[in-house]
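Heads up: the sequence shown runs through residues 3 to 387, numbered per our numbering. The C-beta atom is built at its ideal place from N, Cα and C for all residues, glycine as well.
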Amino acid sequence: MNIHEYQAKEILRQYGVATPKGQVARDRAEAASITRDFGGQSVVKAQIHAGGRGKGGGVKFAKTPDEAAELFDRMLGMNLVTKQTGPEGRKVQTVFISDPVDIARELYLSFLVDRATGRVTALASTEGGVEIEEVAAHTPEKIVKVAVDPAIGLAGHQARELAFALGLSGESFKKSGVFFQNLYKLFVEKDCSMVEINPLVVTTQGDVIALDAKISFDDNALFRHPEIVAYRDLNEEAEAEIDASKFGLNFIKLDGDIGCMVNGAGLAMATMDIIQHHGSSPANFLDVGGGASEEAVKNAFRIILQDPGVKAVLVNIFGGIMRCDIVAGGVVKAAREIGVTVPVVVRLEGTNVEEGKKILSESGLRIQVASDLDDAARKVVASIR
Ligand code: GDP
Ligand code: MN
3 MNIHEYQAKE ILRQYGVATP KGQVARDRAE AASITRDFGG QSVVKAQIHA GGRGKGGGVK
63 FAKTPDEAAE LFDRMLGMNL VTKQTGPEGR KVQTVFISDP VDIARELYLS FLVDRATGRV
123 TALASTEGGV EIEEVAAHTP EKIVKVAVDP AIGLAGHQAR ELAFALGLSG ESFKKSGVFF
183 QNLYKLFVEK DCSMVEINPL VVTTQGDVIA LDAKISFDDN ALFRHPEIVA YRDLNEEAEA
243 EIDASKFGLN FIKLDGDIGC MVNGAGLAMA TMDIIQHHGS SPANFLDVGG GASEEAVKNA
303 FRIILQDPGV KAVLVNIFGG IMRCDIVAGG VVKAAREIGV TVPVVVRLEG TNVEEGKKIL
363 SESGLRIQVA SDLDDAARKV VASIR
């Protein structure tokens, strides 16, 4: 789960991680009054779950309270297009007013889970304010990695290693140690999957502060963080994904042509691979999970069909706990109710497979039944050629 910058900064403050003062404005008058409180100037920042806002026009400097009100008006409701939103952009529904900071240096710092080592790892770079992917692609030597031993936590020498890598000295060096330790504590206690501070700023006074903050949480740990769940902003989530989550289904939007209904993440991966192998690519995948009802399967099929990218559908179910006759029943019901205009290929295997195939063949619908996974992928790819 992702949250907004202003929410991430609330958490940073709770952990004593330095960040500029700031407040969400509800209307233009409030944007002006917050700016007045900050001494007459502010940074007006669009809150969307995507980075690159600065370049897209979502971070603007206001020299007066009136200008902040103007910028607030212009920003609220605008469709913000950044490198990370894709060409369709994202509608701005929240505007954050930040106390301006005089920047001496812009640096980069993040903590994430490195799956190769299985450890929380800090990444630090002197190249702040630009996308870390760019730095990694062109000047990887400018990124320093520090893996944290979970039994020890971020050790003093590791915090110093990060500070050296960032070229900090004097008071900034000392302050950065506290900053890194507190950020690591936050990461672990809140079950984060990533905390990214870009830019981490050294101010002209030598303070070390988080000018921007992005936090992602491990969804599997959300059950023990109701305070984090309360930050969820449904405006930022794809409608189909919210729709799917209501039925306990897991929907992922991709950008190919074939809609995929599967059970289990492993089968989803295999299904996507074999579609690619046969020369096409998935438009999405929807995982119906272990014991979905006919009603859930029907909704799964509906959600897949509503994706405008779908040119054909592949249903690939290996029935263990999930029964093939329930899948077939759900697919047939959905097809009757919604009407299907794209080719559908179904591959069923496992529990009650014969009943499932019978339901499909007796439905009178134009559904191709495949003999195995390879055959299914071949047929569905051929159907859109
Ligand atoms: P992003 O573009 O979505 O990553 O948004 P950021 O919050 O990182 O802001 C983008 C850029 O705006 C930063 O890298 C800074 O260069 C600049 N910026 C943001 N806030 C301030 C501020 O308070 N003072 C100054 N001088 N620049 C700022
Ligand atoms: Mn940023």
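Exercise. Do the segment 36-45 and the segment 94-103 touch if we need at least three Cβ pairs shorter than 8 Å?
Worked result: yes
Exercise. For P201, is the beta carbon positioned less than 7 Å from some heavy atom of ligand 2?
Worked result: For the purposes of this step, residue 201 is identified with residue 199 of the sequence shown, where counting begins at 1. Under cutoff, so the answer is yes.
Exercise. If you count every other CB in all the chains shown that lies within 10 Å of the CB of Q160, and 16 or more means buried, which is it?
Worked result: Residue numbering aside, residue 160 sits at position 158 when the sequence shown is read from its first letter. Q160 should be labelled buried.
Exercise. Taking the Cβ atom as the reference point for each residue, do Y186 and G155 lie within a distance shorter than 8 Å?
Worked result: In the sequence shown, counting from the first residue as 1, residue 186 sits at position 184. In the sequence shown, counting from the first residue as 1, residue 155 sits at position 153. Yes; because the gap between Cβ atoms is below 8 Å, this pair is in contact.
For this session: Work out the CA separation of A242 and V115 for me, nearest whole Å.
Result: Translated into positions along the sequence shown, residue 115 becomes position 113. Translated into positions along the sequence shown, residue 242 becomes position 240. For V115 and A242, the distance between alpha carbons rounds to 28 Å.
Exercise. For R38, which residues of its own chain have a beta-carbon under 8 Å away from its beta-carbon, when the five flanking residues on both sides are left out?
Worked result: Here residue 38 refers to the residue found at position 36 of the sequence shown. Excluding residues within five positions, the ones whose Cβ falls inside 8 Å are P67.
For this session: Return yes when the C-beta of G24 is under 7 Å from any heavy atom of ligand 2, and no when it is not.
Result: Numbered from 1 along the sequence shown, position 22 holds the residue referred to as residue 24. G24: no, Cβ never under 7 Å from ligand 2.
Problem set entry | Length of the line joining the Cα atoms of R64 and V132 | Counting from one through the sequence shown, the residue named residue 64 turns up at place 62. Counting from one through the sequence shown, the residue named residue 132 turns up at place 130. The question names Arg, but residue 64 is Ala in the sequence shown. Straight-line Cα distance between these residues: approximately 22 Å.
Exercise. Alpha helix (DSSP H) containing A124: first to last residue?
Worked result: Stepping through the sequence shown from its first residue, residue 124 is reached at position 122. Counting along the chain, A124 falls outside any alpha helix (DSSP H), though it belongs to the beta strand (DSSP E) covering 121-127.
Exercise. Within 10 angstroms of its Cβ, does A157 collect 16 or more other Cβ (buried), or is it exposed?
Worked result: Numbered from 1 along the sequence shown, position 155 holds the residue referred to as residue 157. Exposed: under 16 other Cβ atoms inside 10 Å.
Problem set entry | Of the residues E129, E90, G88, V122, the one placed nearest E108, counting alpha carbons only | The residue given as residue 108 occupies position 106 in the sequence shown. Per the Cα distances, E129.
Problem set entry | Bridge partner(s) assigned by DSSP for K147 | In the sequence shown, the residue the question calls residue 147 occupies position 145. Answer is L125, bridged to K147.
Exercise. Ordered along the chain, which non-local residues of its own chain (more than five positions away) have a Cβ less than 8 Å from that of I277?
Worked result: If you number the sequence shown from 1, residue 277 lands on position 275. Closer than 8 Å at the Cβ level, and outside the excluded window around I277, lie G258, I260, C262, S283, P284, L316, A379, V382, V383.
Exercise. Count the other CB atoms within 10 Å of the CB of F225; is the residue buried (16 or more) or exposed (fewer)?
Worked result: To locate residue 225, count along the sequence shown from 1; it is residue 223. Exposed, because fewer than 16 other Cβ atoms sit within 10 Å of the Cβ of F225.
Exercise. Okay, do the segment 294-309 and the segment 325-339 touch, 3+ Cβ pairs below 8 Å being the bar?
Worked result: yes
For this session: Alpha carbon to alpha carbon, how far is A298 from D309? Give it in angstroms, no decimals.
Result: In the sequence shown, the residue the question calls residue 309 occupies position 307. In the sequence shown, the residue the question calls residue 298 occupies position 296. Straight-line Cα distance between these residues: approximately 17 Å.
For this session: Taking the CB atoms as reference points, tell me whether A270 and D289 lie closer together than 8 Å.
Result: Numbered from 1 along the sequence shown, position 268 holds the residue referred to as residue 270. Numbered from 1 along the sequence shown, position 287 holds the residue referred to as residue 289. Cβ distance < 8 Å, so A270 and D289 count as in contact.
For this session: Consult DSSP for G24 and reduce its assignment to one of helix, strand or coil.
Result: Here residue 24 is taken as the residue at index 22 of the sequence shown, counted from 1. Here G24 sits in strand by DSSP.
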